[in-house]
Ligand SMILES: Cc1ncc(C[n+]2csc(CCOP(=O)(O)OP(=O)(O)O)c2C)c(N)n1
Ligand SMILES: Cc1ncc(C[n+]2csc(CCOP(=O)(O)OP(=O)(O)O)c2C)c(N)n1
Ligand SMILES: [Mg+2]
Ligand SMILES: [Mg+2]
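Right, dumping it as structure tokens:
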């Protein structure tokens with residue numbers, strides 16, 4: 001790809017910047033808080049401080065629980081905070097605030113509270129950051145009612161979903177697969193006010209023999225695998241859910257009902273993964289259509305090792321997806 | 001049941017007390033820490049302070065993250081702490097310490113660290129405690145490699161598993177279904193030094209037509225349902241995994257391979273539940289044997305409402321299990 | 001050092017215009033908390049409560065003195081000992097009582113219950129059964145007030161037990177660096193269930209932690225409603241003036257067991273001492289006697305006020321009793337807000 | 001107030017028997033940290049490092065002064081800025097360097113990497129990439145020492161940024177109520193990535209938080225290895241004597257970017273100021289000049305020591321380079337301990 005065409009493409013960090021800028025311009029209740037925003041260390045906050053001022057752009061001290069709780073309270077009192085937690089491995093310190101406050105306050109107070117909060121966190125695996133920076137913890141949050149979760153695999157989707165998330169009156173967690181920050185995640189620059197509604201999957205490729213549901217980088221791998229399988233005469237349909245909660249079950253069910261086979265590609269740890277949920281749900285609701293085992297391609301149940309000699313093998317790969325698809329035919 | 005026979009039965013709180021007392025007597029590295037232990041507010045610590053003294057029996061201040069981290073550090077420095085977190089809804093505040101320290105330290109330090117820590121927490125649902133005391137969060141922890149998880153459904157199993165957990169050199173989370181504290185969880189008093197190894201399921205009832213895997217109170221409901229189904233000529237096999245990590249897959253697979261049908265009864269929230277994992281794994285590894293949809297009976301994906309008019313309906317019940325089994329035959 | 005007011009002369013707060021009304025409102029709200037909770041004891045013994053309740057009896061002066069230093073447009077968060085806070089903030093008793101019985105007319109539609117009352121109409125943003133967990137929420141409400149420039153203040157209740165939770169530290173630090181209009185208010189009743197404050201706190205006074213965040217900290221006599229009011233009012237003034245957060249600690253007493261009816265196997269405090277509290281540090285009696293001594297009200301007037309509140313409470317109990325339970329479907333609503341901006 | 005030592009007379013610590021050895025060991029360990037990290041810069045530029053590294057250059061006096069006040073049987077935990085702590089605690093350089101390259105011979109078998117070094121053989125219980133997360137771990141190690149009556153102490157490193165995390169508060173409180181033998185040691189280098197300590201802390205000195213937990217707190221000149229050593233040694237003495245925890249803060253400087261090679265889009269500190277630090281507050285230069293002035297060592301001797309350390313570092317780099325990578329299966333071991341008691 002030449003520099004010229006690449007310049008016309010939207011990247012992940014630009015998508016975030018654009019979504020945040022557009023929505024903060026549109027609605028002055030939206031504020032942005034995160035570590036190192038003013039110095040723009042992560043690269044998605046360029047120009048924000050100049051444009052929106054220090055009251056709406058705040059650098060957070062290191063206090064994850066406090067930060068999420070502050071966002072919950074600010075939302076209950078009329079703001080629409082975006083919290084940039086930077087790396088998804090930092091969510092754990094705030095888990096009580098996610099579960100006990102953000103997810104439950106509306107329900108427990110009988111609908112009195114409204115919590116329009118967006119929390120962004122990058123899935124920072126696959127890059128030698130080792131066990132403390134490489135978590136993919138979204139399945140934990142799927143187990144918590146009251147939270148919505150998006151996990152886009154292209155920059156245009158990220159832009160459109162993030163804007164929907166900021167407008168949503170519910171807490172939305174946005175997980176960004178850092179492996180898509182570069183070339184893999186780029187896409188055509190959408191028109192002004194590009195919106196992708198929450199809860200709608202994208203069918204990346206149509207096919208008839210097997211359905212591959214791919215999450216985050218998994219969607220990219222699924223497309224690669226589908227191309228390889230096509231050469232072998234296997235026609236794979238690739239679905240990117242984009243939103244994990246609420247999941248677009250109709251699109252997945254319709255596809256599996258046609259193909260009779262399912263592979264789910266999910267960068268999360270295997271046990272109790274999003275892939276587990278999708279497989280379980282399909283085994284429950286599409287059983288009669290099934291013609292082969294439901295196969296999950298996930299990260300192996302181990303921690304992320306530092307050594308470049310160890311790390312890559314534990315994640316989903318195109319080859320693992322291809323092998324999984326073949327397994328559904330045995 | 002007369003008072004005399006009941007007296008010969010072991011209850012949940014007695015099982016805990018006995019396991020802790022036996023193991024603390026056996027190994028002076030075992031210490032017990034928790035809130036309100038000296039006053040024995042939860043009822044499982046009777047006599048502990050007198051027997052083992054204030055150095056080994058400590059009341060914790062309200063500081064869940066600190067408590068789990070302290071346990072991790074104490075274990076790395078030679079003790080074998082038991083932490084009584086009392087109610088499972090209090091685990092969230094400590095999530096970072098569970099994930100980043102307890103689960104990962106051994107791995108990240110290349111095996112230098114050993115973390116023999118037991119964390120106990122009661123699943124306190126079904127009793128009008130509302131949204132902040134009624135969580136069943138074990139599926140979140142199943143997504144974290146490095147932790148073992150037990151969830152016994154009878155007092156004798158609790159005794160034997162807890163003793164194994166205390167002797168295990170890995171962090172073990174013990175979730176105790178508070179609905180089994182009373183009559184439902186009682187069982188015959190075992191002999192001295194009763195051990196149930198981690199990772200071995202119990203077949204509670206043998207059957208040929210359908211496998212019901214029941215977790216915690218779910219095992220009790222599964223047995224009730226199996227009795228009712230038997231009257232209808234349906235022969236249900238009931239399996240209580242007892243340990244969720246490591247799961248006894250061979251026992252489950254063997255059963256489903258024979259029966260061709262699976263229902264999982266799990267008090268956790270539905271999405272990304274233990275039931276999802278079991279169903280997904282069976283759909284992957286036992287597909288050829290399956291003769292009907294894999295059905296999960298879980299708590300509905302909502303928060304726990306306070307009102308007695310609202311609460312019970314959201315949980316698994318005997319009737320829901322029976323209906324689920326019937327669904328596997330359609 | 002614990003600050004009390006001097007019982008001698010009529011205090012300035014009550015001598016000025018509206019002073020008598022303020023004094024009577026203090027007494028009215030303390031009576032509301034007391035009689036509301038006395039009623040829950042009756043309901044408990046009658047087996048009409050679906051769950052245990054944590055009573056504020058003995059702590060009324062702390063709760064009311066603090067809340068009356070704010071207005072209903074100000075924010076407040078509390079904890080599991082959850083009845084007093086919204087009552088003191090001005091919430092209607094009927095919907096609170098209905099909530100305790102899990103009724104559809106409850107302030108949370110029956111979904112919250114005793115430990116999780118909230119009444120947004122009076123700025124009560126909700127209590128938390130997870131101890132300490134609402135502290136950052138109050139801090140965030142203060143942030144919203146600051147960003148919106150609304151002049152509102154957030155009042156954040158927590159106990160001596162909660163003072164050991166990390167979120168208190170994180171919140172006080174954020175509030176201080178951003179000069180947020182929030183008042184951290186510790187009801188130090190000496191116990192976290194069975195653990196004494198001496199055992200769980202590493203300092204004699206929680207207020208000694210304030211210096212670590214460059215905010216003023218003061219400890220007041222929590223049985224003295226005026227002392228509490230004064231200290232909180234000063235903290236509220238600071239907050240509204242943009243001078244940032246404060247920490248106010250009220251030393252108080254929990255007259256009943258941690259949860260009413262809870263049986264603690266091993267006693268951790270002497271019943272005779274507890275009994276003596278009723279005689280010597282009952283905040284309602286103390287204030288009653290001062291009001292009479294200061295000629296703010298007569299005993300008869302105060303009796304009449306009590307009778308009024310009693311009728312209010314009786315009506316609330318009746319309202320709660322006759323109210324319907326929510327329909328089963330209600331268990332599944334309010335998980336998400338359906339219609340969105 | 002920041003405590004420095006007086007540069008005039010030969011200090012007691014170095015005048016006594018073994019004093020010269022102590023002084024030389026301070027210099028040796030500071031050189032080890034410095035040269036080890038200079039070597040990682042070379043590896044970084046050569047593209048031989050699998051990931052970014054966070055350098056302690058500029059902070060050597062703080063790290064070494066603190067660690068030398070403990071013994072190798074004492075415990076220590078650190079953070080993401082992770083090389084200096086185990087080196088100062090006495091770890092071998094070769095296994096540390098091999099870890100940075102992800103080799104099988106690395107101190108963590110290649111599984112931890114730069115941010116997560118640990119060397120249990122010298123009491124280094126591991127560093128944490130999750131900021132603040134190891135603070136309770138150190139506290140727990142101190143608990144174990146207390147329960148076992150072993151006389152060991154735990155040294156807990158954290159930064160000015162980590163000081164805002166709730167676990168610090170929870171840990172210091174527990175340590176104080178139980179009088180645990182732990183020393184909380186804050187390397188206040190003025191920044192958490194781009195955020196200044198003035199912006200993120202609500203107090204001028206982190207040590208001002210100590211009073212909130214009834215423990216002594218002191219701020220020392222972190223460029224003065226002896227001042228750090230003295231303050232830490234006193235805290236260690238207290239801890240061993242059963243008098244409980246202390247908080248020591250070293251005001252220091254981070255000479256390089258947060259992570260070496262990191263490009264921060266918007267500058268947050270002036271490069272000319274940073275440059276002047278190398279000239280004025282380099283802890284190695286400062287100590288070098290004092291040692292010469294005090295006649296503890298000659299310039300030649302110190303040059304020789306530096307040369308020795310350089311060979312050690314060169315050998316470590318060579319060892320790391322020629323070491324094999326771990327076999328793929330190693331990714332799946334150590335998740336659990338297989339054989340159990
Ligand atoms: C995070 C958390 N840990 C433990 C509990 C159990 N618990 C409920 S109230 C309480 C004591 C709280 O003490 P304090 O903050 O002083 O409030 P008080 O009950 O005295 O009003 C405890 C330990 C809880 N609800 N939440
Ligand atoms: C819980 C957590 N939040 C955020 C980060 C990202 N991060 C890494 S280092 C750092 C700054 C830490 O500052 P400080 O504690 O002063 O240590 P220093 O880097 O200055 O040595 C931040 C924000 C992290 N690793 N962990
Ligand atoms: Mg208390
Ligand atoms: Mg720093």
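Residue numbers (full-length UniProt numbering), protein chains in the order written: chain R, 1 to 330; chain H, 1 to 330; chain C, 1 to 341; chain X, 1 to 341.
Cβ coordinates follow ideal geometry from the N, Cα and C atoms, glycine included.
Local conformation of residue i per DSSP, three classes
i, result
"residue 324 of chain C", "coil"
"residue 285 of chain X", "helix"
"residue 18 of chain R", "helix"
"residue 301 of chain R", "coil"
"residue 9 of chain H", "strand"
"residue 24 of chain R", "helix"
Outcome for residue i when other beta-carbon atoms lying within 10 angstroms are tallied against a minimum of 16
i, result
"residue 312 of chain H", "exposed"
"residue 284 of chain H", "buried"
"residue 37 of chain C", "buried"
"residue 59 of chain R", "buried"
"residue 246 of chain R", "exposed"
"residue 62 of chain X", "buried"
"residue 45 of chain X", "exposed"
"residue 275 of chain C", "exposed"
"residue 333 of chain X", "buried"
Alpha carbon of residue i to alpha carbon of residue j, nearest angstrom
i, j, result
"residue 29 of chain C", "residue 129 of chain H", "27 Å"
"residue 19 of chain X", "residue 69 of chain R", "52 Å"
"residue 3 of chain C", "residue 216 of chain R", "59 Å"
"residue 287 of chain R", "residue 102 of chain C", "40 Å"
"residue 121 of chain C", "residue 116 of chain R", "19 Å"
"residue 41 of chain X", "residue 260 of chain X", "7 Å"
"residue 179 of chain R", "residue 161 of chain R", "18 Å"
"residue 94 of chain R", "residue 100 of chain R", "10 Å"
"residue 276 of chain H", "residue 251 of chain X", "52 Å"
Neighbour flag for residue i against chain C, beta carbons, 9 Å
i, result
"residue 209 of chain X", "yes"
"residue 184 of chain X", "no"
"residue 177 of chain X", "yes"
"residue 191 of chain X", "no"
"residue 62 of chain H", "yes"
C-beta neighbour in chain R for residue i, strict 9 Å
i, result
"residue 342 of chain C", "Residue 342 of chain C lies beyond the range of chain C shown here (1 to 341); nothing can be said about it."
"residue 260 of chain X", "no"
"residue 130 of chain X", "yes"
"residue 92 of chain H", "yes"
Residue-chain proximity (residue i, chain H), Cβ-Cβ < 9 Å
i, result
"residue 325 of chain C", "yes"
Cutoff 9 Å: residue i Cβ touching any chain X Cβ
i, result
"residue 31 of chain H", "yes"
"residue 38 of chain H", "no"
"residue 148 of chain H", "yes"
Inset, instruction - Could you please go through the chain and list the residues whose beta-carbon is closer than 6 Å to any non-hydrogen atom of ligand 4? - result: That gives X:159, X:160, X:161, X:189, X:191, X:192.
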